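Sequence order for the protein chains is A and B. Numbers 1 to 181, taken from this note's numbering, label the letters of the first sequence in order. Numbers 1001 to 1181, taken from this note's numbering, label the letters of the second sequence in order. Positions of the beta carbon are idealized from the N, C-alpha and C atoms, including for glycine. Since the model is a prediction, treat every value here as computed from it, not as a measurement.
Protein chains: 2
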Amino acid sequence: MERKPIRLSGTSYAVLALLSHLGESTPYDLKQALVRSIENFWQVPHTTFYAEPARLAAAGYLSERQEQHGRRRKLYALTDQGRAALDEWVASPVAAPQEVRDEAILKVFAGADPAPLLHRRREWHATKLAELEGYAQHDEWRLTDHTGPTRTLATGIAYHRFSLSAIDAYLAALEAGDQPW
Amino acid sequence: MERKPIRLSGTSYAVLALLSHLGESTPYDLKQALVRSIENFWQVPHTTFYAEPARLAAAGYLSERQEQHGRRRKLYALTDQGRAALDEWVASPVAAPQEVRDEAILKVFAGADPAPLLHRRREWHATKLAELEGYAQHDEWRLTDHTGPTRTLATGIAYHRFSLSAIDAYLAALEAGDQPW
DNA sequence: TTCCGACCGTACGATCCGTACTATACGGTC
DNA sequence: GACCGTATAGTACGGATCGTACGGTCGGAA
């Protein structure tokens, strides 16, 4: 079954989890689902993401077959080995600490004025929030169930809402003449 | 001056900014300062970080000289080219969006129970908060000035405090029988 | 004087990433 | 029915990055 041992990264488990939810899918389908759910908390560049199913299949975690018509895209599905690896990972309560990577804070660290960076950041959060709220309205995954994808999308919406309010509070303090910190 | 063109990453600018604050330093000094300030919002594995000053020096952004005694460590300092690159980057108000990478949320996405993950996460934030509050008390960088490193440290403290309170609120809701989302 | 732990760093192969490019399907339109 | 624009659906490639493991160096205590 397993042919070539590989290290499983968070991205690997993201693919396994998506396949568990969606059933047999193409890499493109998986990428779409990623963007609508967990991408907020686990970013993957598309070149990395497209390579992952093939890598997992080569190690025995996924089955691979090809469409017989049209683009002859590859279709992937969990094998028993893949499902077992996913279940084992999910069952363990250990997780790497949260990482926040923020180039704007890095610029402030280097001496930049926070205000213009915050204004741009505010726009970005507003755009993302609208995008996620759109997914929440239209997707088959509804905010009323308690599945993983739904919780994740709701967490993303909460994250952008909170960021907006925190930025607004900071900017208001700045304009009132305070120096928040 | 410039010998071999390289791409400057966030990590590159972190090194330049640290050197701008500290003056001539060894990679180890820089790493220590990183941990006490911006590492909360820009993580760099030590193997990557140690390699960066040499890479920047080879491209002309840093000067390099060696201690004459003891461990004969290498000492790096900004060149004019390095300072110019840093200033230009700081002056531009564009920054990549904030990225949050959270393996715990990824596990919840895959179906894990949030509660045990949150308890562990709570411990981690509490530990980090204590560590940062220690830096704030003892460092030469004081929370009363408004330099970049100080703001960054204060932001890190605020981040961990907020995370703790958010986790506590979520756990309290869970224990009260609610399903927050 | 030798041992230990903190300090300080490098080697190396696997993985990941950004940029650029390719190619296919599909609807409209001239 | 050939053309064209847009969305779809990827691949190629070289440099950057990463985790694991290992290697030396220094001061102090035993």
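Shown here, A/Tyr135 sits in a helix according to DSSP, grouped into three states.
Along the stretch 31-89 of chain A, the alpha helix (DSSP H) occurs as fully enclosed runs of 4 or more residues at 46-58, listed in sequence order. A Cβ-Cβ distance of about 35 Å is found for the pair A/Phe109 and B/Ala1115, leaving them out of contact under the 8 Å criterion.
If you look at A/Arg101, you'll find it in the beta strand (DSSP E) that goes 99-101.
The C-alpha of A/Pro5 lies about 45 Å from the C-alpha of B/Ala1136. Contact between the stretch 1071-1081 of chain B and the stretch 1090-1109 of chain B is not established, with fewer than three Cβ pairs separated by less than 8 Å. DSSP, read as helix, strand or coil, puts A/Ser25 in strand. With a cutoff of 8 Å on beta-carbon distance, B/Ala1054 and B/Ser1063 are scored as not near each other. Ranked by how close their Cα comes to the Cα of B/Ile1038, the residues B/Gly1010, B/Glu1052, B/Leu1164, B/Ala1169 have B/Gly1010 in first place. At a beta-carbon threshold of 7 Å, the residues of chain A lying near B/Tyr1013 are Leu106, Ala110, ordered along the chain. Of the candidates A/Gly111, A/Gly134, A/Arg36, A/Lys107, A/Lys107 places its Cα closest to the Cα of A/Arg121. Collapsing the DSSP output to three states places B/Val1094 in coil. In the structure shown, the three-state DSSP call for B/Leu1018 is helix.
Chain A has a Cβ within less than 8 Å of the Cβ of B/Glu1103. Separation of B/His1125 and B/Pro1045 (C-alpha to C-alpha, rounded to the nearest whole angstrom) is 20 Å. Closer than 8 Å to the CB of B/Gln1098 there is at least one CB belonging to chain A. For B/Leu1117, the three-state secondary structure derived from DSSP is helix.
The DSSP-derived three-state label of B/Ala1173 is helix. Shortest Cα-Cα distance from B/Tyr1159 to any of B/Thr1147, B/Glu1133, B/Leu1174, B/Gly1177 involves B/Glu1133. Contact of B/Thr1152 with chain A is assigned, a C-beta pair being separated by under 8 Å. Rounded to the nearest angstrom, the gap between the Cα atoms of B/Ala1051 and B/Gly1177 is 51 Å. For A/Phe41, the number of other beta carbons within 10 angstroms of its own is at least 16, and it is reported as buried. Rounded to whole angstroms, the separation of the alpha carbons of B/Arg1065 and B/Glu1099 is 36 Å. If you draw a straight line from the Cα of B/Ser1025 to the Cα of B/Ser1163, it comes to about 34 Å. About 7 Å separates the beta carbons of B/Arg1101 and A/Gln43, which is inside the 8 Å limit, making them a contact pair.
The contact set of A/Gln179 on chain B, defined by CB atoms closer than 9 Å, consists of His1146 in chain order. With its beta carbon at least 8 Å from every one in chain A, B/Phe1049 lies outside the interface.
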